[in-house]
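One structure below.
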């Protein structure tokens with residue numbers, strides 16, 4: 002059974018005019034290596050830590066500024082939100098299609114809330130705590146191309162023509178703000194698009210981005226702004242002592258107009274200085290150590306890296322299944338070809354290397370979790386190939402071969418072909434990232450040993466379900482297994498309303 006909304010009735014939760022207050026018992030385990038009767042043993046000790054949560058239920062008017070607004074992802078997301086808000090339908094060769102938010106965790110997935118008369122009860126994910134309605138989001142942003150969003154939507158060749166015709170009046174007068182362009186960080190083939198750029202030194206560019214954000218906020222009367230990078234993949238920045246390794250060195254490098262500070266890092270600096278959350282949707286190392294230091298010092302949310310939409314999402318499911326089933330993956334070969342501008346930019350070796358890194362690390366934690374299958378330091382052969390094929394446009398093809406060792410020396414091979422409508426998969430992920438980033442700024446918590454409430458750590462691991470290479474605070478384990486990432490996010494929001502984690506034991510029926 003599916004219900005649209007619910008309210009928790011419990012001594013552990015209290016609803017006030019502006020807050021949901023909850024008390025939550027966090028049950029976990031502590032592992033220690035102790036000397037027991039002269040011999041060291043591993044001892045596992047269950048423990049319970051009491052937490053208090055408070056969630057501000059006043060949903061703000063949200064502004065979202067996209068870097069690369071005129072690209073395939075930016076134009077597709079903007080078009081999709083307008084179509085949903087206006088209730089637009091359009092003819093395809095199969096049927097009359099209604100606008101929807103399919104592919105969005107927050108808008109189109111459900112959570113189990115309990116059982117009723119022997120039937121499982123489910124509710125929308127977004128019903129756990131108050132969230133921004135995507136129809137109410139105000140969009141803005143930057144692009145190095147001055148093409149209006151209607152023409153950009155046509156150039157992307159993602160949406161059906163009948164839908165594009167209906168959306169054109171809403172989008173033809175929307176032109177992105179000039180963006181930061183540095184040809185050293187992206188493929189040379191992007192130069193022909195760069196007719197809308199911010200001139201000046203890196204310090205002047207940061208100041209202009211800050212000015213743009215302030216003017217956007219004032220003009221649109223929004224309460225909060227979230228900025229997300231959905232522009233070209235950049236090459237990796239060199240992390241150099243004295244340049245970008247500390248907050249002070251990074252800011253001094255901007256003042257000196259050092260060439261090795263990337264455009265994405267400049268946008269991130271501007272956002273942190275303004276107290277605006279910044280999310281990196283591409284694989285490059287935007288968050289150099291000095292930038293992470295800056296975000297932590299200013300307690301401003303940063304999250305990334307790289308949207309997890311197609312091939313990598315499947316990999317984080319399949320390898321988790323194989324290792325969890327006691328099957329040993331020994332070779333993973335992943336091939337992609339795509340024809341959109343992302344593929345064109347990735348045809349340059351230096352930008353492909355950024356993508357290769359983010360795609361290759363996704364299985365590490367799953368492999369490390371099983372010392373029966375893998376020796377310390379052992380790892381499957383893992384190869385990632387991306388080719389640019391203009392004809393297929395945004396319809397990316399992903400082909401994977403997984404070879405594993407099974408019982409008694411046997412071999413098992415799984416071959417998968419995945420046709421990914423790239424931007425139609427990425428757009429709802431962008432939506433989830435900005436909505437969850439905003440939500441996380443309204444949640445505060447404290448343990449029983451802490452005197453006052455605080456926000457989540459500025460490095461937002463809560464967003465890891467949506468990213469290929471989750472950014473985590475220093476010293477924090479990286480979790481890539483998709484089921485664990487989703488459970489983490491759902492269970493944190495359940496804690497905000499005093500609900501226990503979903504453990505799937507269903508003991509009442511055993």
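Numbering (the numbering used here), first residue to last: 2 to 511. Note that beta-carbon positions come from the ideal geometry of N, C-alpha and C, so glycine has one too. Computed from a predicted model, the values in this text were never measured in an experiment.
Check	Outcome
Distance CB(residue 158)-CB(residue 423) smaller than 8 Å	no
CB contact flag (residue 401, residue 481, <8 Å)	no
Test item: CB-CB of residue 501 and residue 23 under 8 Å	no
Where residue 403 falls, given that 16 or more other Cβ within 10 Å makes a residue buried	buried
N-terminal and C-terminal residue of the beta strand (DSSP E) that residue 117 is part of	111-117
Alpha helix (DSSP H) runs wholly inside the stretch 70-143, at least 4 long, in chain order	73-87 and 106-109
Under the three-state DSSP convention, the category residue 256 falls into	helix
Span of the beta strand (DSSP E) around residue 229	225-230
Close-in-space but distant-in-sequence residues of the same chain around residue 46 (CB under 8 Å, 5 per side omitted)	30, 31, 32 and 33
At least three beta-carbon pairs within less than 8 Å, the stretch 36-46 to the stretch 137-147	no
For residue 5, the first and last residue of its enclosing beta strand (DSSP E)	Where residue 5 is concerned, there is no enclosing beta strand (DSSP E), given that its DSSP letter is neither H nor E.
DSSP beta-bridge partners of residue 391	Bridge partners of residue 391: none, in fact.
Secondary structure, alpha helix (DSSP H): runs of 4+ residues fully inside the stretch 167-255	203-221
Residue 224 to residue 338 span [Cα, whole Å]	41 Å
Option in 272, 191, 201 and 206 with minimal Cα separation from residue 228	272
Every unbroken beta strand (DSSP E) within the stretch 403-430, with a cutoff of 3 residues, ordered by chain	412-422
Continuous beta strand (DSSP E) stretch holding residue 66: start and end	63-68
Paired residues, beta bridge with residue 315 - DSSP	DSSP, once it has assigned bridges, lists no residue as partnering residue 315.
Segment contact, 8 Å Cβ cut-off, at least three pairs: the stretch 285-298 with the stretch 226-243	yes
Same chain, Cβ closer than 6 Å to residue 386, neighbours up to 5 away in sequence not counted	336
Assumed close pair residue 352, residue 188 - CB separation to whole angstroms, cut-off 8 Å	6 Å
Residue 20, DSSP secondary structure in three states	strand
Stretch pair the stretch 438-450 + the stretch 47-56: three plus CB contacts closer than 8 Å	yes
Whole-angstrom distance between residue 331 and residue 133, CA atom to CA atom	44 Å
Ordered list of beta strand (DSSP E) runs contained in the stretch 428-493, each at least 3 residues	444-448
Residue 328 and residue 250 closer than 8 Å at C-beta	no
Backbone CA spacing between residue 248 and residue 168 [nearest angstrom]	44 Å
Beta-carbon gap between residue 307 and residue 469 smaller than 8 Å	yes
Same chain, Cβ closer than 6 Å to residue 81, five either side skipped, listed in chain order	428
Three CB pairs or more closer than 8 Å across the stretch 62-71 and the stretch 448-464	no
Whole-Å CB distance - residue 135 paired with residue 99, under 8 Å assumed	With a Cβ gap of about 15 Å, residue 135 and residue 99 do not count as contacting.
Outcome for residue 5 when other beta-carbon atoms lying within 10 angstroms are tallied against a minimum of 16	exposed
6 Å CB neighbourhood of residue 300 in its chain, flanking five on each side removed	459
Reference residue 72, options 104, 425, 241 and 214, closest by Cα	425
Reduced DSSP secondary structure (H/G/I, E/B, other) of residue 506	coil
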